[in-house]
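In my numbering, the protein residues as written are 3 to 271.
C-beta: ideal position from N, C-alpha, C; glycine also.
From a predicted model like this one, the values you see are computed outputs, not experimental measurements.
Notes to accompany the following structure.
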Ligand SMILES: NC(=O)c1ccc[n+]([C@@H]2O[C@H](COP(=O)([O-])OP(=O)(O)OC[C@H]3O[C@@H](n4cnc5c(N)ncnc54)[C@H](O)[C@@H]3O)[C@@H](O)[C@H]2O)c1
């Protein structure tokens with residue numbers, strides 16, 4: 003068996019911009035996919051679209067912040083497909099109600115901090131906790147946690163978000179360390195700017211242009227860029243890769259801060 007063919011994968015936040023691309027990509031490569039999301043109706047639409055395209059998928063409503071809900075998600079996966087091989091912890095609180103209020107720390111409500119940690123950090127921890135138990139029964143597995151470039155630098159806002167993603171990077175390494183000898187690999191992805199309906203609405207065209215200036219590529223990222231990276235990390239071909247953080251960030255973290263101010267594009271002739 004190569005790639006992800008016949009493997010059973012759970013994608014949390016599977017109804018969102020990146021999660022939909024990951025679920026669709028894994029299914030197109032032969033995985034049986036559980037599209038898990040707090041928006042159960044949207045998750046169902048994604049799973050139905052995968053099935054319509056000839057793939058194998060079910061949907062599962064889940065609140066990753068709730069241990070009981072995560073237990074149900076893993077149980078539903080094993081009930082439907084008999085095993086669990088892959089977990090992509092992709093869900094995060096990205097809406098205006100949480101990330102949109104994660105602004106100036108002095109003004110920030112503790113509730114925003116707590117919800118951010120509950121969804122973005124406790125959620126992946128809970129999913130790992132219960133997925134690992136199922137993966138042990140399947141003889142091993144592969145986990146990818148979606149962190150962010152925000153884990154690696156300070157920002158004027160989104161301090162709870164950045165702290166939650168930094169915590170997730172460390173959790174990734176600890177899980178890789180503790181469970182590697184049980185044939186369970188754990189890696190993280192650190193996306194740069196990825197254009198999804200959520201991020202496009204938050205940034206607007208001016209915001210996207212600002213981010214573009216700080217990326218080294220000729221475009222910003224797409225959900226499919228992340229899907230390709232996840233599909234590799236969870237595949238058999240990545241069998242020697244664990245405890246790693248893969249930046250899929252258009253080089254935004256690769257240069258000194260003054261790059262955007264100094265860079266002058268070459269004039270077209
Ligand atoms: N878009 C970017 O530029 C970018 C950059 C860096 C990292 N990321 C990370 O990528 C991941 C996906 O982001 P996205 O841009 O696709 O966002 P999105 O808002 O499109 O998708 C997030 C999904 O998570 C779901 N969700 C939220 N809370 C949940 C909960 N408690 N339980 C289960 N599901 C829940 C939402 O319903 C949504 O479908 C996130 O972890 C985010 O932090 C995104």
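Cβ-heavy atom distance between residue i and ligand 1 below 7 Å?
i, result
"residue 193", "yes"
"residue 12", "no"
"residue 56", "no"
"residue 32", "no"
"residue 96", "yes"
"residue 26", "no"
"residue 177", "no"
"residue 208", "no"
"residue 66", "yes"
"residue 73", "no"
"residue 200", "yes"
Just to confirm my understanding: we take residue i, look at its own chain, exclude 5 residues before and 5 after, and list those with CB closer than 8 Å. What are they?
i, result
"residue 26", "48, 51, 52, 55, 57 and 229"
"residue 133", "12, 76, 86, 89, 143 and 145"
"residue 198", "18, 19, 20 and 225"
"residue 151", "192, 193, 194, 249, 251, 254 and 255"
What span of residues does the alpha helix (DSSP H) with residue i cover, start to end?
i, result
"residue 21", "19–30"
"residue 174", "161–181"
"residue 263", "261–264"
"residue 47", "42–54"
"residue 138", "125–140"
"residue 81", "69–83"
Assuming residue i is part of the beta strand (DSSP E), what are its boundary residues?
i, result
"residue 248", "247–250"
"residue 144", "143–148"
"residue 151", "Looking at the DSSP string, residue 151 is not in any beta strand (DSSP E), and its letter there is neither H nor E."
"residue 11", "10–14"
According to DSSP, is residue i part of a helix, a strand, or is it coil?
i, result
"residue 90", "strand"
"residue 199", "helix"
"residue 97", "coil"
"residue 238", "helix"
"residue 185", "coil"
"residue 1", "The requested residue 1 does not occur in the structure, where the chain is confined to residues 3 to 271."
"residue 116", "helix"
"residue 267", "coil"
"residue 6", "coil"
Near residue i, what residues of its chain come up, given a Cβ to Cβ distance below 7 Å and the 5 sequence neighbours on each side ignored?
i, result
"residue 104", "110, 114, 118, 159, 160, 161, 162 and 163"
"residue 233", "6, 27, 28 and 31"
"residue 179", "245"
"residue 72", "64, 66, 128, 129 and 132"
"residue 44", "17"
"residue 23", "225, 226, 228 and 229"
"residue 15", "21, 39, 92, 93 and 94"
Excluding five sequence neighbours on each side, which residues of the same chain lie with their C-beta closer than 6 Å to the C-beta of residue i?
i, result
"residue 149", "167, 170, 171, 190 and 192"
Between residue i and ligand 2, is there a pair consisting of the residue's CB and a ligand heavy atom that are separated by less than 7 Å?
i, result
"residue 18", "With respect to small molecules bound, the structure shown includes ligand 1 and not ligand 2."
(request) Please determine if the segment 252–260 and the segment 185–201 are in contact, where contact requires at least 3 C-beta pairs separated by less than 8 Å. (result) yes
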